[in-house]
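>
In my numbering, the protein residues as written are 11 to 250.
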């Protein structure tokens, strides 16, 4: 007869690994609206606000900051959930406006840039716009998830992912993707690969390889920045 063993971890007690263990345990123990829940929401308001202000032009960021103001009051023990619901509704509805304003601001900046021409410029400029719009999207998502977490605490885990994503897309798009030297390195790598006998045999021209290599380099940069940002956020939510 086999011996019965008590499980070390009960059903539903496993940690997801989406946040530092101490934060996730506190989140699981919190009851919607209690002091611990409000404390955890309050911790993530500042990084969410930072993502909003850095990723979205001021004219459109107000939709997010006003919603976060309502969350701030709630976390401090005041405000009804009605104000939170209204802020969430306005933030979500403003997403097209937020993304459009972000694209227009970055496009204007591109028009003012003076740089050495690169065969990657047309493609890379589109990538810059795409990454900027994704940063704005993730900043909006972080705000909406934070407000939703006032009724559903586990959604605070999504806020961590969103904030990290917003910063990674912003810094990659407005940093590496826009950098003439970064573009030049992508072209140089493409020319080197195109000169290899196997590349010539496969018909891989430098003009075709350059965008692929550019995205490979950007992907590595994005992952490094996302990991760095998650480390910063994890330190922020971990009790000292």
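Quick reminder that beta carbons are idealized off the backbone N, C-alpha and C, glycines included.
#1: Let me know the secondary structure DSSP gives residue 246 once reduced to three states.
#2: Where do the ends of the alpha helix (DSSP H) carrying residue 113 lie?
#3: Compute the distance between the beta-carbons of residue 81 and residue 94, then report whether it is under 8 angstroms.
#4: Spatial neighbours of residue 216 within its chain, please: CB distance less than 6 angstroms, with the 5 preceding and 5 following residues excluded, ordered by chain position.
#5: Hey, how far is the Cα of residue 67 from the Cα of residue 129?
#6: Look at residue 156 and residue 58 and say whether their C-beta atoms are less than 8 angstroms apart.
#7: Enumerate in chain order the residues of its own chain whose CB-to-CB distance from residue 112 is below 8 angstroms, with the five nearest sequence positions on each side excluded.
#8: Note down the Cα distance separating residue 228 from residue 238, rounded to an integer number of angstroms.
#9: Taking one C-beta from the segment 107-126 and one from the segment 151-167 each time, how about it: are there three or more such pairs within less than 8 angstroms?
#10: Taking residue 40 as the reference, give the member of 206, 56, 138 and 166 with the closest Cα.
#11: Between which residues of its own chain and residue 220 is the CB-CB distance below 7 angstroms, once the five residues before and five after are set aside?
#12: Along the chain, where does the alpha helix (DSSP H) containing residue 60 start, and where does it finish?
#13: Could you say which of 234, 231, 176 and 223 lies nearest to residue 133 if we only look at CA atoms?
So, from the data block:
#1: For the purposes of this step, residue 246 is taken as residue 236 along the chain shown, with counting starting at 1. DSSP places residue 246 in helix when its eight states are reduced to three.
#2: The residue you call residue 113 lines up with position 103 of the chain shown. That run of the alpha helix (DSSP H) goes 105-122.
#3: As a position in the chain shown, residue 81 is number 71, starting the count at 1. As a position in the chain shown, residue 94 is number 84, starting the count at 1. Against a cut-off of 8 angstroms, the Cβ pair of residue 94 and residue 81 comes out as a contact.
#4: On the chain shown, residue 216 is found 206 positions in, with the first residue counted as 1. If the five residues before and after residue 216 are omitted, its C-beta is found closer than 6 angstroms to the C-beta atoms of 200, 201 and 204, all from its own chain and listed in chain order.
#5: Taking the chain shown and counting its residues from 1, one reaches residue 67 at position 57. Taking the chain shown and counting its residues from 1, one reaches residue 129 at position 119. Cα to Cα, residue 67 sits roughly 30 angstroms from residue 129.
#6: Sequence index remark: in the chain shown, residue 156 carries index 146 (1-based). Sequence index remark: in the chain shown, residue 58 carries index 48 (1-based). If you check the CB distance, residue 156 and residue 58 come in under 8 angstroms.
#7: For this step, residue 112 is matched to residue 102 along the chain shown. Once the five neighbours on either side are set aside, the close Cβ partners of residue 112 are 65, 66, 67, 70, 142, 143, 145 and 146.
#8: As a first step, residue 228 is located in the chain shown; it is residue number 218 there, counting from the start. As a first step, residue 238 is located in the chain shown; it is residue number 228 there, counting from the start. Between residue 228 and residue 238, the C-alpha separation is close to 15 angstroms.
#9: Between the segment 107-126 and the segment 151-167 there are fewer than three inter-stretch CB-CB distances shorter than 8 angstroms, so the stretches are not counted as touching.
#10: Against the chain shown, residue 40 aligns to sequence position 30. Comparing Cα positions, the closest option is 166.
#11: Residue numbering aside, residue 220 sits at position 210 when the chain shown is read from its first letter. Only 129, 130, 196, 197 and 200 meet the Cβ criterion.
#12: Within the chain shown, the letter at position 50 stands for residue 60. From DSSP, the alpha helix (DSSP H) with residue 60 extends over 45-65.
#13: Residue 133 sits at position 123 when you count from the first residue of the chain shown. 223 is the residue among 234, 231, 176 and 223 whose C-alpha sits nearest the C-alpha of residue 133.
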